[in-house]
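The listed protein sequences correspond, in order, to chains A and B.
So for the first sequence, our numbering puts the first residue at 16; every next one is plus one.
So for the second sequence, our numbering puts the first residue at 16; every next one is plus one.
Here's the structure, in structure tokens; my notes come after.
There are 2 protein chains.
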Amino acid sequence: MATIKDIARETGLGLATISKYLNGGTVREKNRLAIEAAVDKLGYTVNELARSLKTSRSRTIGVVIPELGNAFVTTIITEMEDILRKNGYSVIVCDCRTDAAQEREAVRFLLQKRVDGILNMPVSRDGTHLDSALEAGVPVVLIDRMIDRLAGKVHSILVDNAAGASAAVSRLIDAGHRHIGVILGPQGVFTTAQRHLGYSRAMTRNGLTPDAAFVVYGDYTVQGGYEGMRRLLELPGLTAVFVTNYEMTLGAIIAGNELSVKIPERLSLIGFDNLQLSQVIQPRLTIVTQPLKEIGEAAAGIFLEALEADAPEIRELVLNTGLLEGDSVGTISEP
Amino acid sequence: MATIKDIARETGLGLATISKYLNGGTVREKNRLAIEAAVDKLGYTVNELARSLKTSRSRTIGVVIPELGNAFVTTIITEMEDILRKNGYSVIVCDCRTDAAQEREAVRFLLQKRVDGILNMPVSRDGTHLDSALEAGVPVVLIDRMIDRLAGKVHSILVDNAAGASAAVSRLIDAGHRHIGVILGPQGVFTTAQRHLGYSRAMTRNGLTPDAAFVVYGDYTVQGGYEGMRRLLELPGLTAVFVTNYEMTLGAIIAGNELSVKIPERLSLIGFDNLQLSQVIQPRLTIVTQPLKEIGEAAAGIFLEALEADAPEIRELVLNTGLLEGDSVGTISEP
DNA sequence: CCATGAAAGCGAAACGTTTCGGATTTGAAT
DNA sequence: ATTCAAATCCGAAACGTTTCGCTTTCATGG
Chain A
16 MATIKDIARE TGLGLATISK YLNGGTVREK NRLAIEAAVD KLGYTVNELA
66 RSLKTSRSRT IGVVIPELGN AFVTTIITEM EDILRKNGYS VIVCDCRTDA
116 AQEREAVRFL LQKRVDGILN MPVSRDGTHL DSALEAGVPV VLIDRMIDRL
166 AGKVHSILVD NAAGASAAVS RLIDAGHRHI GVILGPQGVF TTAQRHLGYS
216 RAMTRNGLTP DAAFVVYGDY TVQGGYEGMR RLLELPGLTA VFVTNYEMTL
266 GAIIAGNELS VKIPERLSLI GFDNLQLSQV IQPRLTIVTQ PLKEIGEAAA
316 GIFLEALEAD APEIRELVLN TGLLEGDSVG TISEP
Chain B
16 MATIKDIARE TGLGLATISK YLNGGTVREK NRLAIEAAVD KLGYTVNELA
66 RSLKTSRSRT IGVVIPELGN AFVTTIITEM EDILRKNGYS VIVCDCRTDA
116 AQEREAVRFL LQKRVDGILN MPVSRDGTHL DSALEAGVPV VLIDRMIDRL
166 AGKVHSILVD NAAGASAAVS RLIDAGHRHI GVILGPQGVF TTAQRHLGYS
216 RAMTRNGLTP DAAFVVYGDY TVQGGYEGMR RLLELPGLTA VFVTNYEMTL
266 GAIIAGNELS VKIPERLSLI GFDNLQLSQV IQPRLTIVTQ PLKEIGEAAA
316 GIFLEALEAD APEIRELVLN TGLLEGDSVG TISEP
């Protein structure tokens, strides 16, 4: 494999000159041609490893996520990766299988690989797995979930979950529903709390008192959504359900199908987060959408800014959700 | 950031000794303790960049795929990544957006990053984008699609698509169907040809003559499946449809829903590839499944073998599909 | 034709490892 | 104590870049 030295020998120029040209410096026209010719002839490509060692910048971003098989996260990564790659950065992905120990290990692994930045949708609640990164001066971007202890030290891109949940529940209330169930994520998780807050806020704001029985906790898995739905369907008076993530939406639908619950006649349903699914389900599902593309773009932007410029300004973005109307919400006339 | 030199100074030992110990060599007990202590005290971690430069092995595998938002591919990557990371390898993912030019660029990018191996689900038909990798002696593993020109030079992990398609179509024939539509991928793509072959084989083997009108080509997108289904539904006599990938299965269902086609009463349907979907759709969908986990495992295995051992033996695996029974296939009694 | 300043070119050191081959230490046997 | 092989240790070079501080070359105007 050809090195810069080979180019130097081939062209009769000095190492420094070649390097300078390769990095955008100017050289005399005839030398430029000579270098180009030699590069072509020898099939030279810069050895990023050596470059990285010398510059102590690996041009690599590490990504740590609970799981790859999750449209939320893959869409964001795709978008971010696209932009980063155009800027010469590569993305190393670590799937920690929703396990805090593996998450910690992944961060350690990435730091050892000398990544320039870390994107994390955190599993751990306390965020200690990121301390070493921060100590090392590696910028961290948190998505989806905030960790209070790290406020001001890490960048974050969140979604206004409370508003999103509130909008969904308000939509149900406007349609005449009074007894609205909600299937939340695990207790203690950031997004669970936010979405719960939105639910409660919409209820009280409309003069309804949230009944704890109508609030069930799942674990953001298909299974959890399934069980949550079974539990809710036993409650008398229930006419609508709001499910707070994609996987649980799937589970809830499975449960509904099993019990032949007609949507929206018998039950109104608002799901979360997957456009494609919302179309294929009959009836078309009304869902809360998150701005995935924007999140990915924002993440890429933050990294580029933090690494290219020397602006150590901490960004804390909160983006808005949308409500995509389908046919899964039925109207109840007031008695 | 602490280096090996700091450890040497701290312990009074030589560079070579520390390096040796760090790489699993034996040192005197008291030195071992001294090194451990110094490592802890200074928070030393090996600089993989420097190590890679010296050993000219980056311990990184590059992955080039048409798109990340695709359960087929993410499941495989997850599995492979899991195994590779446990062995100290990281995975760089490049999503080429189903664009051959971007795919070529991604390979170039990865080679510049000095990856030790490349996993590719190819978009390009001729595979020239991989030539530079092969020249550089970087092992390549192809998944899902074979490129004949590269046979014997690249590893491959394929699925017996012909058999899988044949099994699905046979299942329909056994249920009494005679006029069976199939929605294939784009013409000229490897898997399209394989699945078409399976379809034809099952038909002729059962004494039926395949009618070209019942064979439509899509492009492996939701839209393509939708259009294909609309076209098929205009054909008189059609009683069953086999859709040959996940995205198109979604599209086909949307089309069916729009026209209120009852499944399986009016039309029997066999889809492809997504377990979760098959459960959530009502009625439960019968699908052809691919052994995603095994593919991921096999890929990791091939890389580890090729990189750790010096066994340059080319592997060409062909795995079997399964048929997951749902309720979307109805029986037609012979007239 | 010379002086001059700017532009371009250069050698050498450094980044943090690994590794080679020789030097030193160890500890058991004499 | 002495010897000796085995075990351990070590200095130095090398991996392929970038970069610093000089030196050389060039074009221009006088």
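Note that beta-carbon positions come from the ideal geometry of N, C-alpha and C, so glycine has one too.
Being a predicted model, the structure only gives us computed values, none of them experimental.
- A direct Cα-to-Cα measurement between A:LEU253 and B:THR301 gives close to 33 Å.
- If you check the CB distance, B:LEU99 and B:ALA315 come in under 9 Å.
- At a cut-off of 9 Å, the C-beta of A:LEU322 has no neighbouring C-beta in chain B.
- Taking the Cα of B:TYR59 as reference, the smallest distance to any Cα among A:GLU150, A:CYS109, A:SER171 is reached at A:GLU150.
- An exposed status is given to B:GLN202, since fewer than 16 other beta-carbon atoms sit within 10 Å of its beta-carbon.
- For A:GLU273, no beta strand (DSSP E) encloses it; the enclosing alpha helix (DSSP H) starts and ends at 261-273.
- Burial check for B:GLU94: the Cβ neighbour count within 10 Å reaches 16 or more, so the residue is buried.
- When rounded, the separation of the alpha-carbon atoms in B:GLY243 and B:GLY233 is 6 Å.
- Nearest to B:LEU332 by alpha-carbon distance, out of B:ASN176, B:VAL153, B:HIS211, is B:ASN176.
- Annotation: the continuous beta strand (DSSP E) that includes B:THR301 extends over 301-304.
- Comparing alpha carbon positions, the residue from A:MET263, A:THR219, A:GLN209 closest to A:TYR235 is A:MET263.
- The beta carbon of A:LEU83 falls within 9 Å of a beta carbon belonging to chain B, placing the residue at that interface.
- For A:ALA116, no CB of chain B lies under 9 Å from its own CB, so it is not counted at the interface with that chain.
- Under the Cβ criterion (8 Å, minimum of three pairs), the segment 205-213 of chain A counts as touching the segment 176-192 of chain A.
- Secondary structure note for A:ASP110: its beta strand (DSSP E) is the uninterrupted segment 105-110.
- If you check each beta-carbon in the segment 99-115 of chain B against every beta-carbon of chain A, the ones closer than 7 Å belong to ARG100, SER105, VAL106, ILE107, VAL108, CYS109, ASP110.
- Per DSSP, the continuous beta strand (DSSP E) segment holding B:TYR232 begins and ends at 230-232.
- B:PHE124 has a beta carbon lying within less than 9 Å of a beta carbon in chain A.
- Going by beta carbons, B:ALA313 and B:LEU334 fall inside the 9 Å limit.
- Residues are counted here when their Cβ sits less than 7 Å from a Cβ of chain A; for the segment 45-74 of chain B these are THR60, VAL61, ASN62, GLU63, LEU64, ALA65, SER67, LEU68, SER73, given in chain order.
- The C-alpha of A:PRO81 is placed about 13 Å away from the C-alpha of A:VAL204.
- Against chain A, the CB of B:ASP159 has no partner CB under 9 Å away; the residue lies outside that interface.
- Under the criterion of beta carbons closer than 8 Å, A:VAL197 and A:THR259 qualify as touching, at roughly 7 Å.
- Contact residues of the segment 268-298 of chain B toward chain A are ILE268, ILE269, ASN272, GLN291, GLN294, VAL295, GLN297 (C-beta to C-beta distance below 7 Å).
- With its beta carbon at least 9 Å from every one in chain A, B:ASP189 lies outside the interface.
- For A:VAL237, at least one C-beta of chain B is nearer than 9 Å to its own C-beta.
- Closest option to B:GLY222, judged by alpha-carbon separation, among B:ASP189, B:ALA17, B:ARG112: B:ASP189.
- Here the segment 153-163 of chain B makes contact with the segment 122-137 of chain B; the two share three or more CB pairs at distances below 8 Å.
- Rounded to the nearest angstrom, the gap between the Cα atoms of B:ASN85 and A:ARG47 is 44 Å.
- Residue-level contact check: A:ARG129 touches chain B, since one or more beta carbons of chain B fall below 9 Å from its beta carbon.
- One alpha carbon belongs to A:VAL61, the other to A:ASP114, and they sit about 38 Å apart.
- Taking a Cβ-Cβ cut-off of 8 Å, the neighbours of B:ASP97 in chain A comprise ASP110, ARG112, given in sequence order.
- The CB of B:THR93 comes closer than 8 Å to the CB of GLU82, LEU83, GLY84, ASP110 in chain A, given here in chain order.
- Excluding five sequence positions before and after B:LYS128, the CB atoms of its chain that fall closer than 8 Å to its own CB belong to SER73, THR75, GLY77, ILE107, given in chain order.
- Using beta-carbon distances, A:LEU37 does not count as an interface residue toward chain B, since no partner is under 9 Å.
- Collapsing the DSSP output to three states places B:ILE172 in a strand.
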